[in-house]
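Undergrad:
There are 2 protein chains.
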Amino acid sequence: MVREIGEFGLLERISAISSGQAAGVVKGIGDDVAVLDVSGPEYLLATSDIQVEGVHFIRETITPYQLGRRVVAINVSDIAAMGGEPRWALVSLALPGSTEVGYVEEMYRGMSEQAAPAGISIVGGNLSRISSTVIVDLTLLGVVAPERLILRSTARAEDAILVTGSPGESRAGLELIRRPDLAPGSSSRQKLIERHLCPQPRLAEGQLLARSGKVTSMIDVSDGLAGDLFHICESSGKGAEIEAASLPISPAVSEIARAADADSLQWVLSGGEDYELLFTADPKSVSHLRKMLMDETGTSCTQIGKITAETCRVKIRLADGKSIHTSVKGWDHFNV
Amino acid sequence: MVREIGEFGLLERISAISSGQAAGVVKGIGDDVAVLDVSGPEYLLATSDIQVEGVHFIRETITPYQLGRRVVAINVSDIAAMGGEPRWALVSLALPGSTEVGYVEEMYRGMSEQAAPAGISIVGGNLSRISSTVIVDLTLLGVVAPERLILRSTARAEDAILVTGSPGESRAGLELIRRPDLAPGSSSRQKLIERHLCPQPRLAEGQLLARSGKVTSMIDVSDGLAGDLFHICESSGKGAEIEAASLPISPAVSEIARAADADSLQWVLSGGEDYELLFTADPKSVSHLRKMLMDETGTSCTQIGKITAETCRVKIRLADGKSIHTSVKGWDHFNV
C-alpha cells in the first residue's frame, strides 16, 4: 500500500516510469520545480501544489480567503527558491455542490490578493464537483534567466548553510490552532497562527540572492529544515553539519514550545511549512549576503552550519557537545 | 450554493475576481487553454483537467492504466484544438493511504504510454494523501507558432461548421458501462466502451487543420457538440444552424441508443466527452479540408451546418422540418 512505502518511495517508483525526456527539459521530475527551455531568453519554471481538506487544512480553522492566499504563497515560495519570477497560475478546484458561492469567491479574492503584488495573473484552470472534501490544486508558471537559476543540487563542500527568518514559527502556529487553550496570554498568538495559515514567501529575497551570484544552492523550507537540507545534500551528493546553538529559534517559538511541553529544536528542524529559504554560499560571502538581505528586504538570515563531503549525512551538533545524525527525508504526506 | 449557480455561473464570478492581467497573457481565464507570450518564437499553451473519482470515473469500471491514458488524452485534446504541440505535463495526485502501489504504477504507465507518442514528458507534480476519493489533476503545457494558433472566438458568419469522427460514441460507451446487460450481442461493445474510457485526441488532425490556414475557429468536443458549438458562438458573437440529418451518427451509436430506448440525436448533441474537433471554415474550403484530413490521417469529417449572424442562437433543423433552439452551455459538473 502507498502508506507503507510513503511519499518519497512512491516518488521514486513514479520517476522510474516517467523517465522519458522530451525536448527542452532542463530539470524534470523529482525537483519541486520543473525547468523548461522554451527557446526564449528565459527558462520557464513550472510547479504545482495541491491542498486537500483534512490533510493540508481544516475548514473550521482557515478562512477561504486565507486558504486562497496560502495556496498561491506556497507555490510562489517554490519559484522564489529557484531565483525566478512567478507569472501565471492555473487553478483546479474540486468542490461539493453544497459549497457556498461566497466561500469560493472569498478563496479567489485571497488568491488574487496574494497573486497580484507578486506579478501573477490567474489565467485558467478548471472546476469540478466532488462528494465531500474541498481540493485546490494550483500550478504556477514563472521565468528565470538561465544565469540566475539556482538549483538544490549544486552545493559544494565547505559552503556555509544559511536560512532566512525564524523556522519553527509555522509549527508553533499549528500547535496554537490545534490547542486553542494553549498559552492564552501570549502576545505572539495571532502572529504565529497567521504565519502558519498565510505564510509569506521570500520572493524578493530569492531574487536578490540569485542576482548576487554568490549562492551555490537553494531550496524553500516546506518539509522541515532538516528534511529540506537533506534534499540539498542528497541531490548535491554532499553532507551537512548544523550547530543547534546557532539555529534562529525565535522567543515566540520557545515560549509556545515551553507551554506545549514540546522541544523547540524539534519544531525548528522538522516542523515544516515555514517557507523560509535555505541556501548555501561560499563562507566568505556570508556577511555580505546577510547585510544585503537586511538592507534591501529587512529580512534576517542566519548561518547555521556547513556543507561537508560526507554524502547524505546530516549531523546536528547539540549544545551539550553530543551529536545526532539524521537521514530524515522530511514531511511525508502518507505517514502522518 | 455552488450547485444552484452551476459551473458556468461560478466561472463568471471567478473571472470577475481574477481579472487582473499580468504581462504576456494573450488569452487568459475563460478559455480551455491559456495562451502565454514567453518572448520566444512560439506561444506557450497551458491547460489543466482534474479527474475526480465518483464524478469523472468510477474505480470499478476503469483500470488505473486506462485512467492514466484518459487524463493525458483529454488534456492533449485541448492543446490539439488550438493547433498546438503538447510538450510537458505536471501531475497532481491525491490518494488514500490504502491505495495499492501497483494501482499508482499502472496509472503512471498509462500516462506515459499516452504521453510519449505525443511528444510529452512528465516533468513534475505532487503527491498527497486524501481520505477517500482518488484525484488526478494534470496540467499540460504546449507550444504553438503565433500564426498557427486557432481560437474559438474567431468564427465568421456563413462559415461552414465541421466535426471530425462520430460524436455520440463516447455517450454510447458510457451507457454500456452503466448497463452491462445492454445489447449483449453487439459487436461494437468493446470499441464504444474503450472510446469512452480512453478517448483518442485528434492531435495530428488539429495540427494539420492549423497548418492549412483555412480554419477560422476550433474547439474540442468535451461538453457535448451543441454545448461546445455554443461556446464558439458565444465567444465569436455569432449563432449557428445545424442540420440534424447531416450529423454523423454512426451505426454503432444508433444500435445502442435503440437498445437503450434513448434518442441517438440527443447523445450526439449533448453526450460530451467525445474529444472530436469541432471547427469552422470558409464553405469553399470544405472539400479540400475533408480530403486532406482523410488522406493524411484517415479521419473523416462532416459538414453539419453553418455559422449565422444571430448572436448566441444555436438552431437545430430536424428531419421533419421543425427546428429547435438551444442555448445549452453543455455539461455542467455541478448539475448532474
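Chains as they are written, first to last, in our numbering: chain A, 1 to 336; chain B, 1001 to 1336. We put the beta carbon where it would ideally sit given N, CA and C, even for glycine. If you're wondering where the values come from, they're calculated on a predicted model, not measured in any experiment.
1. In the segment 247–284 of chain A, which residue ranges form an unbroken beta strand (DSSP E) of at least 3 residues, counting only runs that do not cross its ends?
2. Mapping DSSP to helix, strand and coil, what is A/Val71?
3. Can you confirm whether A/Gly124, when its beta carbon is compared against all beta carbons of chain B, has any partner nearer than 9 Å?
4. At least one CB of chain B closer than 9 Å to the CB of A/His333: is that the case?
5. If you measure from the beta carbon of A/Tyr275 to each beta carbon in chain B, is any gap under 9 Å?
6. Count the other C-beta atoms from every protein chain shown that fall within 10 angstroms of the C-beta of B/Leu1293, then say buried if there are 16 or more, exposed otherwise.
7. Does any residue of chain A have a CB that is nearer than 9 Å to the CB of B/Arg1013?
8. Cβ closer than 7 Å: which chain A residues qualify as neighbours of B/Gly1024?
9. Can you tell me where the beta strand (DSSP E) holding A/Lys322 begins and where it ends?
10. If we count Cβ pairs, one from each stretch, closer than 8 Å, do we get three or more for the segment 244–254 of chain A versus the segment 138–148 of chain A?
11. Could one say the Cβ of A/Pro1 lies closer than 9 Å to chain B's Cβ atoms, at least one of them?
12. Please report how far the alpha carbon of B/Ala1257 lies from the alpha carbon of B/Ile1074, in whole angstroms.
13. By alpha-carbon positions, which one of A/Ala16, A/Asp37, A/Pro117 and A/Val33 ends up nearest to A/Val26?
14. Are B/Leu1182 and B/Ser1128 close, meaning C-beta to C-beta below 9 Å?
15. Whole angstroms are fine: how far does the CA of B/Val1052 sit from the CA of A/Gly97?
16. Beta-carbon of B/Met1082 versus every beta-carbon of chain A: anything under 9 Å?
17. So, at 6 Å on beta carbons, what are the nonlocal neighbours of B/Ala1172 in its own chain, with the 5 sequence-adjacent residues on each side left out?
18. How long is the line joining the alpha carbons of A/Val55 and B/Val1071, rounded to whole angstroms?
19. The beta strand (DSSP E) with A/Lys214 in it runs from where to where?
20. On the three-state DSSP scale, how would you describe A/Arg129?
21. In whole angstroms, give me the CA-to-CA distance for B/Lys1284 and A/Ser153.
22. For B/Pro1096 and chain C, any beta-carbon pair shorter than 9 Å?
23. Chain B beta carbons: is any one of them nearer than 9 Å to that of A/Asp32?
24. If you measure beta-carbon to beta-carbon, which residues of the segment 1033–1044 of chain B are closer than 8 Å to chain A?
25. Under a Cβ-count criterion, where at least 16 other Cβ atoms within 10 Å of its own Cβ denotes burial, should B/Lys1291 be classed as buried or exposed?
26. Ends of the beta strand (DSSP E) at B/Thr1308?
27. Is DSSP giving B/Ala1046 helix, strand or coil here?
28. Taking any Cβ of chain A, which residues in the segment 1160–1182 of chain B have a Cβ under 8 Å from it, in chain order?
29. Classify B/Leu1036 as helix, strand or coil using the three-state DSSP reduction.
30. Please classify A/Val163: does DSSP put it in a helix, a strand, or coil?
31. Cβ atoms of B/Ser1132 and A/Ile50: under 9 Å apart, would you say?
32. Can you tell me the Cα-Cα spacing of B/Glu1113 and A/Thr302, whole angstroms?
33. Any beta carbon from chain B within less than 9 Å of A/Glu120's own beta carbon?
34. Evaluate B/Gln1207 with the Cβ neighbour count: other Cβ atoms within 10 Å of its Cβ, from every protein chain shown; 16 or more gives buried, anything less gives exposed.
35. Can you list, in chain order, the residues of its chain whose CB lies under 6 Å from that of A/Arg139, leaving out five sequence neighbours each side?
36. Taking contact to mean at least 3 C-beta pairs separated by less than 8 Å, is the segment 61–68 of chain A in contact with the segment 1159–1177 of chain B?
TA: Concretely, from the data shown:
1. Annotation: the segment 247–284 of chain A contains the following complete segments of the beta strand (DSSP E) (minimum length 3 residues), in chain order: 277–281.
2. helix
3. yes
4. Annotation note: pLDDT 49 at A/His333 (below 50); position unreliable, coordinate value reported separately. In terms of beta-carbon proximity, A/His333 lines the interface with chain B, with at least one pair separated by less than 9 Å.
5. no
6. buried
7. Yes - at least one Cβ of chain A is within 9 Å of the one on B/Arg1013.
8. Arg87
9. Element bounds for A/Lys322: n/a, residue is neither H nor E.
10. no
11. What sits at residue 1 of chain A in the sequence shown is Met, not Pro. Chain B, which has a Cβ nearer than 9 Å to the Cβ of A/Met1, makes this yes.
12. Counting only the Cα atoms, B/Ile1074 lies some 24 Å from B/Ala1257.
13. A/Asp37
14. no
15. 14 Å
16. no
17. Leu1192, Val1253 and Ile1256
18. Their backbone Cα atoms lie some 24 Å apart in a straight line.
19. Premise fails: A/Lys214 is in no beta strand (DSSP E) and is neither H nor E.
20. strand
21. 58 Å
22. This model lacks chain C altogether, as its protein chains are A and B.
23. yes
24. In summary, the residues of the segment 1033–1044 of chain B whose CB is separated from some CB of chain A by less than 8 Å are Val1033, Ala1034, Leu1036, Val1038, Ser1039, Gly1040, Pro1041, Glu1042 and Leu1044, in the order they occur in the chain.
25. exposed
26. Here the beta strand (DSSP E) through B/Thr1308 covers Cys1301 to Thr1308.
27. Look at B/Ala1046 here: in three-state DSSP terms it is strand.
28. none
29. strand
30. strand
31. no
32. 47 Å
33. Before going on, a small fix: residue 120 of chain A reads as Ile here, not Glu. Cβ-Cβ to chain B under 9 Å: yes for A/Ile120.
34. buried
35. Reading the sequence as shown, one finds Thr at residue 139 of chain A and not Arg. The answer, listed in chain order, is Ser48 and Leu90.
36. no
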